[in-house]
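Going down the list, the protein sequences come from chains A and B.
In terms of my numbering, the first sequence opens at residue 49 and continues consecutively.
In terms of my numbering, the second sequence opens at residue 49 and continues consecutively.
In what follows, a single structure is set out as structure tokens and then discussed.
Protein chains: 2
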Amino acid sequence: MAMSGVATTLLRSSNRVGLTSYTKRCVHTSLNQVTLHENEEYIQPHVQTEIPGPLSKQYKSDLSKLQNSAAVTMFCDYSKSKGNYLADADGNILLDCFQQISSLPLGYNHPVLLDLMNDPHTQLTILNRPALGSFPSVDFLPLIENSLLKVAPRGLQNVVTMACGSCSNENAFKVAFFKYMKDLRGEEMPAPGSLELETCMINKAPGAPDLSILSFDGAFHGRTLGCLSTTHSKPIHKLDVPSFDWPIAPFPQLKYPLEEHVKENEAEENRCLEIVEDLIEKWASKSPVAGLVVEPVQAEGGDNFASDEFFRKLKKITEKHNVAFICDEVQTGGGVCGRWWAHDYWGLENPPDMVTFAKKMSSGGFYYSDAMKWQAGYRVYNTWMGEPIKLMLLEKTIGVISEQGLVEQAAYTGNYLREGLKDLEAKYPGALNSVRGRGTFCAVNGRDMEFRDKVMSGMMNKGILLGACGSSSIRFRPSLLFTDYHVDIVLDRLNQVLDSIK
Amino acid sequence: MAMSGVATTLLRSSNRVGLTSYTKRCVHTSLNQVTLHENEEYIQPHVQTEIPGPLSKQYKSDLSKLQNSAAVTMFCDYSKSKGNYLADADGNILLDCFQQISSLPLGYNHPVLLDLMNDPHTQLTILNRPALGSFPSVDFLPLIENSLLKVAPRGLQNVVTMACGSCSNENAFKVAFFKYMKDLRGEEMPAPGSLELETCMINKAPGAPDLSILSFDGAFHGRTLGCLSTTHSKPIHKLDVPSFDWPIAPFPQLKYPLEEHVKENEAEENRCLEIVEDLIEKWASKSPVAGLVVEPVQAEGGDNFASDEFFRKLKKITEKHNVAFICDEVQTGGGVCGRWWAHDYWGLENPPDMVTFAKKMSSGGFYYSDAMKWQAGYRVYNTWMGEPIKLMLLEKTIGVISEQGLVEQAAYTGNYLREGLKDLEAKYPGALNSVRGRGTFCAVNGRDMEFRDKVMSGMMNKGILLGACGSSSIRFRPSLLFTDYHVDIVLDRLNQVLDSIK
């Protein structure tokens, strides 16, 4: 069985790194017959119906009878999905550059993770889900050491787990409030019978103090009520929900490519930084800023980047005003940015006070500095507090990533992708703009929302699944198995789509 | 090998129901040698160190170097735990009447659930965790039908999943707000470019309206910032965290046994109901009450019961004022109360508008009525939105519970437990009071907090793990495999403890 002509002509010359037997292409025999070898991927997307297809549409309609299914893109057959390829209900095979909203680090059905599932110890860990904060397993500490601590941000050696990104941010906010009040009071807990202990029970100050978390325009930190007060990406998330009145700073609106607009971007960043400091000072008398939460790249908000220098200065401002710096790496963490954490690029003098995570880390949670520690039990707590199996998955995932150099591969592949996108930007003037990214955490803007949506739909029907973000951006959130081979397929299909709708 | 004398003398005459081979006692040969037969339980607790023991203490101290471990009770060996019995790090075997804060329906290592873990389909479901709101599996609808819909509260056929109880309540609150504003506006979404869409992005009214959720003194609904504004059980959860200023009503402080204080309890309930209606009316001009959240039994707050009549009247008040009635069954749901849902006892004319769940349901989420439906996508959303494996566990769990009549067994066992507790209350005057419960969801008060804590510690060191709640209550939260056989062991040990510290 020979390599398909399509695939071979797609191959661009490149110094491929980290390519393993797992990502090696399997043999593709004919348009309607895809042979999948064990542990290998499909050779390319395979589209046999419109996408979403008739079965996905039928299932969506059926599901809508018992829950809102308006956000369902398609129904999937996970038993037939493999690596970077997602199989849908209608027999289509898509090259998945979105990976369950950026949450699968090693794609579908990775053999190392499948092996883990066969282990009796894994099975009983899933079954006997503990209340982790009170009855951890005897192997809980080594499990954390072999997973979360292996990739702990420099300078942060404390970590607590939670079930999802929202709960992680909610609890990080609480820790910022605890720290603020401890500094103010000089002790963590007030005397028994104090006004603070009494008033907190009825939601009133001083026990429930008027403190705030500063966030940025365009930010996304989750959809629970605390998180939602710091989320400002789209009205659909926020409309009709009561909110804390907390300060919001502008996030730099930079021009891309960043290296061509250094001076004006710097001015824009300094403008935003001044407002941040101004807000912290102004709110001190109203609702003091206990914490500042920021994404290294505003993801849902449109893949908005800022310079490393911006974040260094921002960090300094928080240090000056004793504001907890909460770095939300829920979407950026886990290696996709070409480093394990996106904030690794910043070259900070002192680490963030807290780094929150979820998605590709399998578990939610947050790292925190010694200065953020609290002493009393049940302050940060939840019945489950995450789940040990997620840390077992993370441990194995870190092993694969480390052995195969997948973080470095993401850095290389991302560069290769951006180069190709820039070629298409030049080839179709006015269609695309603002190619940007770090690692494979990449984005490009369509000329407007309508055009962007047309491109996305065109790509989906050529078997390439992408994500939308902001008002006109397309985001790439592939797994760490994504290589230049896959980039070539994406660029080839994008070229076809742009050619047809330019 | 003969039955141990201890165990046989413990057996009280009773009409045991639902006793299966799984809960059948295994053979106990000597004090220091416990033989565990496959699929069978330990015959009784086995204590060989103080509890927590030296290893638990060492592990706790080690863990405290990287996270707050103040709430850790003990470290556990889940590979040696079985059914109602929890094995700890120090080789002690405890009869677990708390079950991971009431979250394990079938105890430890149930053979039916272990079988499920061996199924390749289960394994790939765990591995390929989807973004459920956008890319559900082709079998997602049948999975919901075979799990959540099998036990749906009467009248509620819509259901959405979430990761934990807090996220479930947060999202139920949001749905109450959506409904309130839809009723006010006459449509779900305002016109594009409207003031509402603009202001919601900056946390201001009218887009982020000043609406409230009414809750009760002593309530517990979770620890995220929205939930925490409705939680009023203990200061440790709330101190230093900013809160929404929402109305709080008194929860009836009833006298037990309920059947002996009908009249004064009714007066107390009516007093509370009047305040509820008063609050709804008074807050209409300030921060209108969009929803009311209530637990059928206030669990963390001290196992506070109210009558079925109280809840029927409460429901009527919410109907009169168009307030969404949110029944929080996170701790009461799943059969432990002797019905699948505690609110099944109430005999409501119309069902609650929403019923939230987590814990024994394996998955978090909430059921909702047709009137609560929203149309737009991404209004109730999260990357993961729970996890399919939890529904697969629930499906199997429901099967076991149904086949073995375990809900009926919980009703029987709970009665048997309360009878025994009342005997001890009479035997040790002034030590215990206020025995109460439904099913095995039972509690008894110690004479004060100090005494309660002594009893709890004494029981733990006799191998009986119980839960504390409120200021002086002991709560029973056993699995559904808990039978009168286990009750006999608990009562025997409690008798010994009371005799030594009365």
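Even glycine gets a Cβ: it sits at the ideal position worked out from N, Cα and C.
Here the structure is a predicted model, which is why all the values come from computation and not from measurement.
Beta carbon proximity, A/P159 to chain B, threshold 8 Å: Taking the first sequence and counting its residues from 1, one reaches residue 159 of chain A at position 111. It does not: the Cβ of A/P159 has no partner Cβ on chain B nearer than 8 Å.
Secondary structure of A/C385, DSSP reduced to three states: Here residue 385 of chain A corresponds to residue number 337 of the first sequence, with the count starting at 1. Coil.
Where B/N481 sits in the DSSP three-state scheme: Here residue 481 of chain B corresponds to residue number 433 of the second sequence, with the count starting at 1. Assignment of B/N481 by DSSP, reduced to helix, strand and coil, places it in the strand class.
C-alpha gap between A/H158 and A/K130, whole angstroms: Numbered from 1 along the first sequence, position 110 holds the residue referred to as residue 158 of chain A. Numbered from 1 along the first sequence, position 82 holds the residue referred to as residue 130 of chain A. Near 7 Å, if we compare the C-alpha coordinates of A/K130 and A/H158.
B/M122: contacting residues in chain A (beta-carbon distance under 7 Å): Position 74 of the second sequence, counted from the start, is the residue given in the question as residue 122 of chain B. In chain order: F183.
Helix, strand or coil at B/F226 according to DSSP, with G and I counted as helix: Sequence index remark: in the second sequence, residue 226 of chain B carries index 178 (1-based). Helix, per DSSP.
Helix, strand or coil at A/Y393 [DSSP, three-state]: Stepping through the first sequence from its first residue, residue 393 of chain A is reached at position 345. Here A/Y393 sits in helix by DSSP.
Contacts of B/A347 in chain A (Cβ-Cβ under 9 Å): In the second sequence, the residue the question calls residue 347 of chain B occupies position 299. Neighbours of B/A347 on chain A: none; closest Cβ ~11 Å, over 9 Å.
Chain B residues whose Cβ lies nearer than 7 Å to that of A/G447: On the first sequence, residue 447 of chain A is found 399 positions in, with the first residue counted as 1. By Cβ distance, chain B contributes nothing, its closest Cβ being about 15 Å from A/G447, past 7 Å.
Min CB distance B/K198 to chain A below 8 Å: Taking the second sequence and counting its residues from 1, one reaches residue 198 of chain B at position 150. With a threshold of 8 Å between beta carbons, B/K198 makes no contact with chain A.
Exposed unless 16 or more other CB atoms sit within 10 angstroms - verdict on B/R202: By one-based count along the second sequence, residue 202 of chain B stands at place 154. So B/R202 counts as exposed.
Nearest-angstrom Cα separation, counted from A/A119 out to A/L513: By one-based count along the first sequence, residue 513 of chain A stands at place 465. By one-based count along the first sequence, residue 119 of chain A stands at place 71. Inter-residue distance for A/L513 and A/A119 is about 15 Å (C-alpha atoms, whole angstroms).
CB contact flag (A/W294, A/S277, <8 Å): Residue numbering aside, residue 294 of chain A sits at position 246 when the first sequence is read from its first letter. Residue numbering aside, residue 277 of chain A sits at position 229 when the first sequence is read from its first letter. Yes; because the gap between Cβ atoms is below 8 Å, this pair is in contact.
From B/G478, B/V345, B/T97 and B/E329, residue whose alpha carbon lies closest to that of B/G381: To locate residue 381 of chain B, count along the second sequence from 1; it is residue 333. Distance check between B/G381 and each of B/G478, B/V345, B/T97 and B/E329 places B/V345 closest, using alpha-carbon atoms only.
Contact with chain B by A/P399, beta-carbon distance below 8 Å: Counting from one through the first sequence, the residue named residue 399 of chain A turns up at place 351. No - not a single Cβ of chain B is within 8 Å of the one on A/P399.
Run of the alpha helix (DSSP H) containing B/Y107, from where it starts to where it stops: The residue you call residue 107 of chain B lines up with position 59 of the second sequence. Start and end: P102 to L111.
Buried versus exposed call for B/H94 [16 or more other C-beta atoms within 10 Å across all chains shown]: Translated into the one-based positions of the second sequence, residue 94 of chain B becomes position 46. With 16 or more other Cβ atoms within 10 Å, it is buried.
Below-8 Å beta-carbon distance, A/R271 vs any chain B residue: One-based indexing of the first sequence puts residue 271 of chain A at position 223. Interface residue, yes.
C-beta atoms of A/W422 and A/V403 nearer than 8 Å: Taking the first residue of the first sequence as position 1, residue 422 of chain A is located at position 374. Taking the first residue of the first sequence as position 1, residue 403 of chain A is located at position 355. Contact: no.
3-residue-minimum beta strand (DSSP E) runs that sit fully inside the stretch 460 to 520 of chain A, ordered along the chain: Listed in chain order, the complete beta strand (DSSP E) runs (minimum 3 residues) inside the stretch 460 to 520 of chain A are 480 to 486, 489 to 494 and 515 to 517.
Residue interval of the beta strand (DSSP E) (run including A/D532): Along the first sequence, read from residue 1 onward, the residue named residue 532 of chain A stands at position 484. Per DSSP, A/D532 is not a residue of any beta strand (DSSP E); the alpha helix (DSSP H) it occupies stretches across D532 to I549.
A/Q115 classed as buried or exposed, judged by whether at least 16 other C-beta atoms fall within 10 angstroms: As a position in the first sequence, residue 115 of chain A is number 67, starting the count at 1. It is buried - the Cβ of A/Q115 has at least 16 other Cβ atoms within 10 Å.
Enclosing alpha helix (DSSP H) for B/A315 [first to last residue]: Locating residue 315 of chain B in the second sequence gives position 267, where the first residue counts as 1. Taken as a continuous stretch (DSSP letters only), the alpha helix (DSSP H) holding B/A315 covers V310 to W331.
Short CB-CB distance (under 8 Å) between B/T71 and chain A: Residue 71 of chain B sits at position 23 when you count from the first residue of the second sequence. Any reading at B/T71 needs caution, since the residue's pLDDT is 35, under 50, leaving its predicted position unreliable; the model's value is listed next. No, B/T71 does not count as interfacial toward chain A.
Beta carbon proximity, A/L84 to chain B, threshold 8 Å: On the first sequence, residue 84 of chain A is found 36 positions in, with the first residue counted as 1. Because A/L84 carries a pLDDT of 43, less than 50, the predicted location of this residue cannot be relied on, and no value is offered for it.
7 Å CB neighbourhood of B/D356 in its chain, flanking five on each side removed: As a first step, residue 356 of chain B is located in the second sequence; it is residue number 308 there, counting from the start. Counting only Cβ-Cβ distances below 7 Å, and skipping sequence neighbours, we find Y393, W394 and G395.
Reduced DSSP secondary structure (H/G/I, E/B, other) of A/M402: The sequence position of residue 402 of chain A within the first sequence is 354, counting from 1. Residue state for A/M402 is assigned as strand, using DSSP reduced to three classes.
Range of the contiguous beta strand (DSSP E) that encloses B/S450: By one-based count along the second sequence, residue 450 of chain B stands at place 402. Segment P436 to E451 is the alpha helix (DSSP H) holding B/S450; no beta strand (DSSP E) there.
Three CB pairs or more closer than 8 Å across the stretch 288 to 308 of chain B and the stretch 246 to 257 of chain A: Touching, yes.
N-terminal and C-terminal residue of the beta strand (DSSP E) that B/G274 is part of: Numbered from its first residue, the second sequence carries residue 274 of chain B at position 226. No beta strand (DSSP E) holds B/G274; the alpha helix (DSSP H) holding it covers L273 to L276.
Member of A/C124, A/K408, A/S109 and A/I323 whose CA lies at the smallest distance from the CA of A/V455: In the first sequence, the residue the question calls residue 455 of chain A occupies position 407. The shortest C-alpha separation from A/V455 is found at A/K408.
Of the listed residues B/E443, B/E316, B/L539 and B/T366, nearest to B/P298 (C-alpha basis): Along the second sequence, read from residue 1 onward, the residue named residue 298 of chain B stands at position 250. Among B/E443, B/E316, B/L539 and B/T366, the Cα nearest to that of B/P298 belongs to B/E316.
Within chain A, partners of B/R523 - CB distance below 9 Å: Taking the first residue of the second sequence as 1, we reach residue 523 of chain B at position 475. In chain order: nothing, as chain A lies at least about 14 Å away.
Residues that A/W294 contacts on chain B, provided the C-beta gap is smaller than 7 Å: Your numbering for residue 294 of chain A matches position 246 in the first sequence. Within chain B, the residues near A/W294 are N251.
Cβ of A/H280 within 8 Å of any chain B Cβ: Here the question's residue 280 of chain A lines up with position 232 in the first sequence. Judged by the 8 Å Cβ criterion, A/H280 is in contact with chain B.
C-beta contact flag for B/A179 and B/T431 at 8 Å: Start at 1 with the first residue of the second sequence, and residue 179 of chain B comes out as number 131. Start at 1 with the first residue of the second sequence, and residue 431 of chain B comes out as number 383. For B/A179 and B/T431, yes; Cβs fall inside 8 Å.
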